[in-house]
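Everything below concerns the one structure shown next.
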Amino acid sequence: MRLAYADGHMNADMGEASDVVGCPVCDAVYRLRPELSQRATRCPRCGYRITFGKTAALAWLVSLSATNVALLAMVVFLPFLELRAGQFDNAASVIDVVLGFSSGIMVPLALAVLAFILLLPLSRFLLLLYALGPIALGRRNFPNAARALRYAFVLKPWAMAEIFMVGVAVALVKLADLATIAIGPAFWIFALIVILNAYQDTLMCRHTLWTALTCNE
Amino acid sequence: MQRVITARDSGRVVCRTCSLVAPENQVRCARCKERLKSRDMQSLQKVWAWLIVGLIAYIPANTYPMLLTTQGFRTEESTIIGGVIDLFDHGAYSVAAIVFVASIVIPVGKFVVIGYLAILTARRHRTDPHRLLYLHEVVEFIGRWSMIDVFVVAILTALVQFDVLATINPGIAAVCFALSVVFTMLAAQSFDSRQIWDRLEDGANHG
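Residue numbers (the numbering used here), protein chains in the order written: chain A, 59 to 275; chain B, 44 to 250.
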């Protein structure tokens with residue numbers, strides 16, 4: 059059987075070589091030459107991005123994860139927003155935002171919000187550190203590193219820090235004529251996390267990461 | 044364009060997490076331990092189930108109040124649409140538009156698009172698969188953004204607690220709305236994109 063190369067060339071044989079990859083979106087199978095995986099490639103049939111074409115991104119990915127964990131830890135304890143109306147004064151941290159729902163039937167919602175804006179982003183960074191940290195440090199993989207990396211991908215759509223920031227912006231406009239709002243340090247740190255997170259996602263090339271993980275075993 | 048060989052044609056399975064290719068009858072991926080399935084035969088059933096629960100949760104999310112605002116001793120209840128109208132009256136047009144898009148346009152659009160994809164891929168079709176794939180990608184990407192409204196309610200609740208002067212409390216619609224978003228996200232994720240290509244009739248546009 060003849061297998062196509064991802065760059066459109068044909069290949070005569072098809073062994074179970076390690077450069078055979080499949081497209082998770084449309085099920086097409088083809089070979090990915092090592093030098094091709096250093097560049098940005100798309101699935102020839104459906105256009106799914108197979109490789110992002112960023113080498114040496116792994117160290118960046120690991121250090122960004124570590125930075126994000128540290129920043130998230132700071133966010134939890136610092137004031138997020140402060141509201142003043144006359145002599146009334148109310149400061150809220152991100153934890154207070156979550157606790158706003160914590161009565162009766164709203165408790166599950168409080169837990170969900172806590173997970174979406176803090177726990178899931180945090181676990182994602184920790185999973186990435188666990189799976190890829192040893193590679194960046196030149197050591198052997200931790201046990202179950204592959205599982206950790208898989209869960210990091212599974213969690214991605216459920217970590218909603220950036221959506222939370224848009225929610226904050228909308229809330230600020232709603233409150234603008236009711237009271238004066240002071241923006242706390244946690245707000246800026248959280249905004250920074252969102253930006254770093256977006257940059258980190260552009261480095262999350264599945265092919266590169268999985269190849270690196272397998273080669274490090 | 045040349046003919047593409049699929050994993051199923053050659054008796055193999057592609058891992059959807061790490062794109063490693065494995066023999067057809069292998070249960071778990073050797074690299075990432077993901078459960079392997081050449082085609083998810085229950086995928087459409089799952090899609091419809093999650094979509095319908097999502098739709099059911101979306102009804103109370105719109106009819107019950109999202110926010111309970113107490114000023115003095117008067118409590119005002121506002122629904123999603125009510126909140127949008129309030130923002131519009133205050134002249135905050137862009138924010139009103141964001142809330143309207145996030146909590147009305149995106150959820151309703153999602154119901155329609157996921158339903159369209161599920162109906163179309165259940166039978167043989169000649170529609171351009173790239174277009175369908177694009178729709179699916181958009182639905183998966185955009186679905187999470189509906190959560191904006193829930194977060195707004197959470198922030199308002201946390202900030203506005205001034206006893207007599209003013210308090211804001213979440214209404215039951217916040218729970219329903221969050222559930223609706225989660226269910227439709229699950230519906231989009233259960234969709235097996237490979238079936239778009241499987242049921243493409245010969246002679247159709249392969250792009």
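Note that beta-carbon positions come from the ideal geometry of N, C-alpha and C, so glycine has one too. Bear in mind that the values here come from a model prediction, so they are computed numbers and not experimental data.
Cβ-heavy atom distance, residue i to the ligand NAD, below 7 angstroms
i, result
"B/S146", "As far as ligands go, the structure on display features none, and thus does not contain the ligand NAD."
Per-residue contacts from residue i into chain B (C-beta, under 8 angstroms)
i, result
"A/M164", "P213, A217 and V218"
"A/I221", "R187, W188, M190, I191 and F194"
"A/R208", "T60, C61, C75, K76 and E77"
Residue of the options minimising C-alpha distance to residue i
i, options, result
"A/R89", "A/G196, A/V79 and A/L116", "A/V79"
"A/T260", "A/F146, A/V134 and A/I108", "A/I108"
"A/G111", "A/H265, A/L187, A/A227 and A/N202", "A/H265"
"A/F211", "A/A237, A/A150, A/L178 and A/V224", "A/L178"
"B/F143", "B/G134, B/I128 and B/F154", "B/I128"
"A/V252", "A/P166, A/L233, A/L271 and A/L129", "A/L129"
"B/G186", "B/T170, B/E119, B/T227 and B/F194", "B/T227"
"B/R117", "B/G214, B/L229 and B/T210", "B/T210"
"A/L254", "A/S95, A/Y106, A/E93 and A/W118", "A/W118"
"A/V134", "A/S151, A/P192, A/E220 and A/T238", "A/S151"
"A/I221", "A/L176, A/I193, A/A124 and A/A237", "A/L176"
"B/P108", "B/L243, B/A216 and B/N68", "B/A216"
"B/M190", "A/A219, A/A206, A/P192 and A/R205", "A/A219"
"B/D83", "A/D85, A/R91, A/S95 and A/P92", "A/D85"
"A/G105", "A/C81, A/S95 and A/A229", "A/C81"
"A/D224", "A/F245, A/A240 and A/I239", "In the sequence as displayed, the identity of residue 224 of chain A is Val instead of Asp. That would be A/F245, whose Cα lies nearest to the Cα of A/V224."
Simplified DSSP assignment, three categories, for residue i
i, result
"B/M44", "Confidence is the limiting factor: at B/M44 the pLDDT is only 47, short of 50, which leaves the residue's position unreliable and the question unanswerable from this model."
"B/V56", "strand"
"A/R208", "helix"
"A/R107", "strand"
"B/N212", "strand"
"B/Q85", "coil"
"B/T49", "strand"
"A/E140", "strand"
"A/N126", "helix"
"B/Q204", "strand"
"B/T113", "strand"
"A/T269", "helix"
"B/D129", "helix"
"A/L236", "coil"
"B/L79", "coil"
"A/E275", "coil"
"B/N68", "coil"
"A/N148", "strand"
"B/L63", "strand"
"A/S95", "coil"
"A/G158", "coil"
Backbone CA spacing between residue i and residue j [nearest angstrom]
i, j, result
"A/N126", "A/L180", "8 angstroms"
"A/A49", "A/V83", "Since the first residue shown for chain A is 59 and the last is 275, residue 49 of chain A is missing from the structure and cannot be characterised."
"B/V156", "B/R166", "16 angstroms"
"A/L116", "B/D132", "50 angstroms"
"A/D235", "B/Q204", "16 angstroms"
"A/F200", "A/L122", "20 angstroms"
"A/I163", "A/P243", "32 angstroms"
"A/N69", "A/L190", "Caution is warranted here: a pLDDT of 43 is assigned to A/N69, below 50, making its placement in the model unreliable, and the coordinate value is therefore given only provisionally. When rounded, the distance between both Cα atoms is 33 angstroms."
"A/K214", "B/G115", "43 angstroms"
"A/M132", "A/I247", "8 angstroms"
"A/R182", "A/Y209", "8 angstroms"
"A/T99", "B/Y101", "40 angstroms"
"A/D65", "A/R97", "Below a pLDDT of 50, predicted positions are generally treated as unreliable, and A/D65, at 47, falls in that range; no measurement from the model is reported."
"B/N212", "B/N105", "17 angstroms"
"B/F194", "B/P103", "18 angstroms"
"A/Q145", "A/A237", "11 angstroms"
"B/T49", "B/V57", "9 angstroms"
"B/Q232", "B/T60", "13 angstroms"
"A/E275", "B/A65", "19 angstroms"
"A/D154", "B/P150", "28 angstroms"
"B/L176", "A/R142", "49 angstroms"
"A/A227", "B/D192", "11 angstroms"
Chain-ordered chain B contacts of residue i [CB-CB under 7 angstroms]
i, result
"A/G225", "I191, F194, V195 and I198"
"A/M218", "R187 and M190"
"A/V134", "Simply none; closest approach about 14 angstroms."
Within chain B, the residues that residue i reaches when beta carbons sit closer than 9 angstroms
i, result
"A/L236", "V203 and A209"
"A/C120", "Checking the sequence, you will find Val at residue 120 of chain A rather than Cys. Ordered by position in chain B, no residue passes the 9 angstroms Cβ test against A/V120, which lies about 19 angstroms from the chain."
"A/L139", "I198, A201 and L202"
Chain A residues whose Cβ lies nearer than 9 angstroms to that of residue i
i, result
"B/L130", "V228, V231 and K232"
"B/P172", "C84, R103 and C104"
Chain A contact residues for residue i, given Cβ-Cβ distances below 7 angstroms
i, result
"B/I162", "In chain order: nothing, as chain A lies at least about 20 angstroms away."
Partner residues on chain A for residue i, Cβ-Cβ distance less than 8 angstroms
i, result
"B/A50", "G80, D85, A86 and V87"
* Counting Cβ pairs closer than 8 angstroms, one from the stretch 72-82 of chain B and one from the stretch 198-216 of chain B, do we hit at least three? -> With the cut-off at 8 angstroms, the stretch 72-82 of chain B and the stretch 198-216 of chain B do not touch.
* Asked: Do the stretch 93-108 of chain B and the stretch 235-246 of chain B meet, that is, are 3 or more Cβ pairs less than 8 angstroms apart?
  -> Under the 8 angstroms Cβ criterion, the stretch 93-108 of chain B does not count as touching the stretch 235-246 of chain B, having fewer than three qualifying pairs.
* Stretch-stretch touch, CB-based, cutoff 8 angstroms, three pairs: the stretch 216-229 of chain B with the stretch 164-178 of chain A -> yes
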